[in-house]
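Per this note's numbering, the very first residue in the sequence shown carries number 2; after that it's consecutive.
Beta carbons are placed, not taken as given, at the ideal position from N, Cα and C, and that holds for glycine.
All remarks here apply to the structure that follows.
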Amino acid sequence: MGHYYVVNGAKISCSMGSVSASLRTTPGRRVKIGGKPRANITDCVPLLNVGPFGVCKMTKLPCVPSCAVWLNGKNDVLVGGMPALLDSSMAICPTGAGIIKIKKDGQ
Numbered sequence: 002m003g004h005y006y007v008v009n010g011a012k013i014s015c016s017m018g019s020v021s022a023s024l025r026t027t028p029g030r031r032v033k034i035g036g037k038p039r040a041n042i043t044d045c046v047p048l049l050n051v052g053p054f055g056v057c058k059m060t061k062l063p064c065v066p067s068c069a070v071w072l073n074g075k076n077d078v079l080v081g082g083m084p085a086l087l088d089s090s091m092a093i094c095p096t097g098a099g100i101i102k103i104k105k106d107g108q
């Protein structure tokens with residue numbers, strides 16, 4: 002099965018969260034698929050790109066999203082100078098030790 006590029010509005014989830022969230026690409030992105038801006042591995046800024054995931058199972062408090070750069074981007078396809086984000090990409094939340102994954106690519 003092939004991997005798909007992730008675009009603005011993709012659904013993401015955290016293994017320690019109680020709800021899914023939407024991924025928002027960094028404003029001004031010009032590379033698009035179907036009119037939607039394509040994401041890259043740096044689209045991981047809390048509350049700008051990554052919304053809260055409800056209640057954190059680790060802390061038992063409302064989620065305050067935190068993640069490092071997305072892993073497993075498409076290194077040979079650059080979006081805004083950085084590897085494109087794929088539906089197989091993931092990120093780690095250092096606060097609650099959750100794994101953040103792409104549920105739907107948004108296309």
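Check	Outcome
Nearest residue (CA-CA) to Pro95, options Asp88, Ser67, Asn76	Ser67
As assigned by DSSP and simplified to three states, the class of Val7	coil
Residues that Arg25 bridges to, as DSSP identifies them	For Arg25, which the question treats as bridged, DSSP gives no partner whatsoever.
Per-residue burial, Pro63 [other beta carbons within 10 Å of its own, 16 or more giving buried]	exposed
Arg39 to Ser14 span [Cα, whole Å]	18 Å
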